[in-house]
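Have a look at the structure below before the remarks.
In the working numbering, the protein residues as written are 48 to 480.
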């Protein structure tokens, strides 16, 4: 048997499909964590649940100390790791992915822009003149893990182009959310700490360009950037995205070295299963050394974020106590979030995408149809992780936070059911033959 290059790549290297599978699987765990949090918050154990979130923990070294409730360690530190992976995804897509050319990028950028502007306007329209208007950024976000998890329920009826469109749309959406957090949800600025964070960030750039670009080095410098960003007043999670921009995409092996490393396997003739296993192991080793630091870190951290960080965030933030009757969907905040996500989000995505296509600036992905795009737009109304995160920044300990949370949870359920129902009718059924 001859192992050709295409066979090797198909067998060993499929980063986009692996990423989609990881995100789809994590969506199920994310839902379970959110349901558990909601159930605990409305159970006899609610006091214990909320007390756990408020338990203080931290570090102390002489006169220096850093202490926070567990909830804020999750939201400030663990979510910085989440945003680091988001930043790696954004950089990869901009340099070598679906956003690396103007025509490829136009459709998801236009769709994401519509999916941010229209929901924000819906929220503003329902909260004009109220202090709660500060939450206008909440319905702008899309939870890619949750959305892909729902999409995975349709199996192979959903083509890869439609999944890639949703992925690119969500990545642009995440970039917009990061900018909104950095610009509009920063209340005060400590110029000295911000300057020190900038110096550490510049050191990270130098390390990526001229150093060995090892993960431990980035972790150490990243911790410094995170700490001073935390003290600066800019939300500490922004440090994650900034650090991701310093990770190089250069490859560890030249093309010639890669070909030489794979040559013995490509030329090998074998029928024995053991020899094939050894050959695949050799290919994995060669391709592992060929991966750029960006690809290696994204590959290593994506499962940790998907199956650890995001469920921890959901469990910490999705607990809304409604047993007392004080939280309902009739308030302007919850209605603004609900309608922004389930009406404004799909309307903005489809309208802006249609304009981009009709004006000749973009094309639908090969194999995708407008009903498919509409179904994806409905699923994009699943805000969840990012919406909960922005809600915490917007309202802090204000009672409006619980109102926003109930709107987010309700909208995510409605968007998931509506998108699934629409796509199950719109997408062609596979021929059993």
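Just so you know, even glycine gets a beta-carbon here, dropped at the ideal spot from N, CA and C.
_The alpha helix (DSSP H) that contains residue 392, what's its start and end?_
One-based indexing of the chain shown puts residue 392 at position 345. Looking at the DSSP string, the run of the alpha helix (DSSP H) that includes residue 392 is 392-405.
_Determine whether the beta carbon atoms of residue 385 and residue 430 lie at a separation below 8 Å._
Mapped onto the chain shown, residue 385 falls at position 338. Mapped onto the chain shown, residue 430 falls at position 383. No Cβ-Cβ contact shorter than 8 Å links residue 385 with residue 430.
_Using a Cβ-Cβ cutoff of less than 7 Å, which residues in the same chain neighbour residue 480 once the five nearest sequence positions on both sides are dropped?_
Taking the first residue of the chain shown as position 1, residue 480 is located at position 433. Note on residue 480: pLDDT 49, under 50, position unreliable in the model; the coordinate value appears next. So no residue of the chain qualifies.
_So, for residue 200: in the same chain, excluding its five sequence neighbours on each side, which residues have a beta-carbon less than 7 Å away from its beta-carbon?_
What you label residue 200 is simply residue 153 of the chain shown in a count that begins at 1. Within its own chain, the residues whose Cβ lies closer than 7 Å to the Cβ of residue 200, once the five positions on either side in sequence are excluded, are 467, listed in chain order.
*Classify residue 59 as helix, strand or coil using the three-state DSSP reduction.*
Taking the chain shown and counting its residues from 1, one reaches residue 59 at position 12. Residue confidence for residue 59 is low, a pLDDT of 41 falling below 50, so the modelled location carries little weight and cannot support an answer.
*Got a sec? Which residues, its chain only, sit under 8 Å from residue 404 by beta carbon, not counting five neighbours each side?*
Counted from its first residue, the chain shown places residue 404 at position 357. Contacts found: 154, 410, 411.
*Compare the beta carbon distance of residue 451 and residue 380 with 8 Å and say whether it is the shorter of the two.*
Residue mapping note: residue 451 aligns to position 404 of the chain shown, counting from 1. Residue mapping note: residue 380 aligns to position 333 of the chain shown, counting from 1. Cβ distance < 8 Å, so residue 451 and residue 380 count as in contact.
*Rounded to a whole number of angstroms, what is the C-alpha to C-alpha distance between residue 179 and residue 364?*
Within the chain shown, numbered from 1, the residue matching residue 179 stands at position 132. Within the chain shown, numbered from 1, the residue matching residue 364 stands at position 317. Rounded to the nearest angstrom, the two C-alpha atoms are 19 Å apart.
*Residues near residue 217 by beta carbon distance below 6 Å, same chain, minus five either side*: Reading the chain shown from its first residue, position 170 is the one you call residue 217. Answer for residue 217: 189, 191, listed in chain order.
*Considering only residues of the same chain and omitting the five flanking positions on each side of residue 57, which have a CB-CB separation below 8 Å?*
Locating residue 57 in the chain shown gives position 10, where the first residue counts as 1. Annotation note: pLDDT 44 at residue 57 (below 50); position unreliable, coordinate value reported separately. Nothing listed; no residue qualifies.
*Assuming residue 131 contacts residue 290 (C-beta within less than 8 Å), just tell me the rounded distance between them.*
In the chain shown, counting from the first residue as 1, residue 131 sits at position 84. In the chain shown, counting from the first residue as 1, residue 290 sits at position 243. That pair is a contact at about 6 Å.
*Looking at C-beta atoms only, is the number of pairs between the segment 263-280 and the segment 95-102 that lie closer than 8 Å three or more?*
no
_Close beta carbons around residue 465, own chain, < 6 Å, minus the five adjacent residues each side_ = Within the chain shown, numbered from 1, the residue matching residue 465 stands at position 418. Excluding positions up to five away in sequence, the list reads 425.
*Just curious, the beta strand (DSSP E) that residue 111 is in, first and last residue?*
Position 64 of the chain shown holds residue 111. Here the beta strand (DSSP E) through residue 111 covers 111-116.
_For residue 168, the nearest candidate out of 418, 358, 392 (CA to CA)_ = If you number the chain shown from 1, residue 168 lands on position 121. The shortest C-alpha to C-alpha distance from residue 168 to any of 418, 358, 392 is the one to 392.
*8 Å Cβ cutoff met for residue 482 and residue 361*: Outside the displayed span of the chain (48 to 480) sits residue 482, for which this structure offers no information.
*asked:* Within 8 Å, do at least three Cβ pairs link the segment 204-219 to the segment 227-235?
replied: no
*Name the one or two DSSP bridge partners that residue 106 has.*
For the purposes of this step, residue 106 is taken as the residue at position 59 of the chain shown. Answer is 113.
*asked:* Quick check: what's the CA-CA separation for residue 48 versus residue 419?
replied: Position 1 of the chain shown, counted from the start, is the residue given in the question as residue 48. Position 372 of the chain shown, counted from the start, is the residue given in the question as residue 419. Because the pLDDT at residue 48 is just 43, under 50, the model does not fix this residue reliably, and the value given afterwards should be weighed accordingly. Each residue's Cα considered, the two are about 41 Å apart.
_I'd like to know whether the C-beta atoms of residue 4 and residue 135 end up nearer to each other than 8 Å._
The shown model of the chain, from 48 to 480, leaves out residue 4, and the question about it has no answer.
*asked:* Taking the alpha-carbon of residue 150 as reference, which of 228, 408, 439, 109 has the nearest alpha-carbon?
replied: By one-based count along the chain shown, residue 150 stands at place 103. Checking every option, the nearest Cα to that of residue 150 belongs to 408.
_Which same chain residues end up closer than 7 Å to residue 156 when comparing Cβ atoms and leaving out the 5 residues on each side of it in sequence?_
As a first step, residue 156 must be located in the chain shown, where it is residue number 109. The residues are 219.
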